[in-house]
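Position 222 of the sequence shown, counting from 1, maps to 425 under our numbering, and the rest follow consecutively.
Quick reminder that beta carbons are idealized off the backbone N, C-alpha and C, glycines included.
Since the structure comes first, as structure tokens, the remarks are kept for the end.
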Amino acid sequence: AGLNALAPPHTIPALVHEDHASHLLAMEAVPQPHANWKTLLLCGQVSDNHIDQFAQLLGTIHRRAYERRDEVAPAFKDVSFFESLRLEPYYNYTAEQLPPAADFLHGLIAETRQQRITLVHGDYSPKNILVYQDCLILLDHEVIHWGDPAFDVGFSLTHLLSKARHLPAHRTTFTAATRRYWQVYSDALSDVPWGGKLEARAVQHTLACMLARVAGRSPLEYLDATERVRQQEAVLGLIKNPPATINTLIQNLSVVP
């Protein structure tokens with residue numbers, strides 16, 4: 204229910220019933236017909252309107268939660284799901300599998316644990332977005348916590364960049380959409396006190412998630428073995444000296460040999 208008050212109107216299904224004792228909750232169903240945004244993207248259907256909504260939705264949650272931090276932060280201080288569902292299977296496991304990336308990933312884990320800035324969704328990806336009447340609706344909030352918004356940025360950018368690499372016929376469109384996503388998101392947070400320091404960490408989280416989605420416990424299912432190797436090599440080539448900006452990172456990762 205708290206997330207509904209932070210997100211733009213009609214972007215979060217309403218909570219209908221909650222029973223803590225029985226560990227049950229019921230949410231409003233999204234009416235038919237609707238489509239999963241990931242499915243549309245994998246078909247090459249990229250819309251500036253959807254990209255703008257994706258950016259504005261995340262930016263609005265990050266901004267409003269920060270503005271109401273005294274009220275919101277205590278309710279979301281538990282980071283155990285983020286640790287067990289993200290830091291361990293994504294970053295720590297990948298560090299074990301890829302020793303050349305271990306120092307980078309372990310350093311990022313330590314830094315992420317120190318950042319307590321705003322509400323972080325933790326699973327902000329196209330698969331958790333339904334499109335109904337051309338509007339995006341966000342689902343699946345189990346990893347939500349008070350932490351580093353740069354994780355959400357890197358996690359979401361990874362999905363757009365990986366699809367750019369996977370779909371050569373639509374690569375130019377996806378690359379432009381990824382740049383647009385970052386621009387709209389960063390514009391929404393241009394005047395928060397931590398906005399200017401976000402980009403460097405967002406670059407790191409994008410690199411880490413790009414690596415984790417090919418070498419971690421939850422690889423992207425639409426990438427074949429060759430694509431995974433190429434993505435891994437591309438990221439390993441960047442982590443020793445990460446790009447200074449998101450746009451430079453996009454330029455580097457959207458080029459596939």
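Residue i to residue j span [Cα, whole Å]
i: residue 259; j: residue 388; result: 6 angstroms
i: residue 428; j: residue 379; result: 26 angstroms
i: residue 274; j: residue 375; result: 42 angstroms
i: residue 371; j: residue 255; result: 23 angstroms
i: residue 300; j: residue 313; result: 18 angstroms
i: residue 336; j: residue 307; result: 42 angstroms
i: residue 276; j: residue 287; result: 20 angstroms
i: residue 281; j: residue 350; result: 10 angstroms
i: residue 305; j: residue 362; result: 22 angstroms
i: residue 290; j: residue 359; result: 16 angstroms
i: residue 393; j: residue 357; result: 18 angstroms
i: residue 448; j: residue 402; result: 7 angstroms
i: residue 235; j: residue 441; result: 43 angstroms
i: residue 343; j: residue 297; result: 24 angstroms
i: residue 233; j: residue 216; result: 7 angstroms
i: residue 244; j: residue 432; result: 22 angstroms
i: residue 411; j: residue 283; result: 20 angstroms
i: residue 369; j: residue 430; result: 7 angstroms
i: residue 331; j: residue 444; result: 32 angstroms
i: residue 435; j: residue 247; result: 23 angstroms
i: residue 250; j: residue 399; result: 28 angstroms
i: residue 222; j: residue 455; result: 48 angstroms
i: residue 354; j: residue 224; result: 32 angstroms
i: residue 340; j: residue 317; result: 30 angstroms
i: residue 421; j: residue 413; result: 11 angstroms
i: residue 364; j: residue 453; result: 7 angstroms
i: residue 278; j: residue 322; result: 10 angstroms
i: residue 419; j: residue 377; result: 24 angstroms
i: residue 242; j: residue 261; result: 20 angstroms
i: residue 373; j: residue 208; result: 36 angstroms
Residue i - partner residues in DSSP beta bridges
i: residue 332; result: 341
i: residue 350; result: 321
i: residue 218; result: 230
i: residue 238; result: 334
Status (buried if at least 16 other CB within 10 Å, exposed otherwise) for residue i
i: residue 406; result: buried
i: residue 238; result: exposed
i: residue 345; result: exposed
i: residue 461; result: Any answer about residue 461 is impossible in this case: the structure gives the chain only from 204 up to 460.
i: residue 269; result: buried
i: residue 329; result: buried
i: residue 327; result: buried
i: residue 459; result: exposed
i: residue 425; result: exposed
i: residue 348; result: buried
i: residue 302; result: exposed
i: residue 220; result: exposed
i: residue 210; result: buried
i: residue 227; result: exposed
i: residue 315; result: buried
Any chain B beta carbon closer than 7 angstroms to residue i
i: residue 295; result: Protein chains in the displayed structure number just one, and chain B is not present.
Pick from the options that is closest to residue i, judged by C-alpha positions
i: residue 391; options: 266, 409 and 319; result: 266
i: residue 415; options: 292, 340 and 386; result: 292
i: residue 437; options: 205, 457 and 425; result: 457
i: residue 253; options: 418, 383, 230 and 412; result: 383
i: residue 214; options: 333, 395 and 377; result: 333
i: residue 309; options: 295, 319, 317 and 318; result: 295
i: residue 320; options: 251, 331, 311 and 396; result: 396
i: residue 462; options: 439, 206, 453 and 418; result: Since the displayed the chain opens at 204 and closes at 460, residue 462 lies outside it and no answer follows.
i: residue 311; options: 377, 373, 408 and 278; result: 408
i: residue 230; options: 450, 218 and 373; result: 218
i: residue 212; options: 418, 338, 417 and 450; result: 338
Residue ranges of each beta strand (DSSP E) within the region 389 to 414, 3 or longer: none
Going residue by residue through the region 290 to 317, where are the continuous alpha helix (DSSP H) segments of at least 4 residues, counting only ones entirely within it? 296 to 300 and 305 to 317
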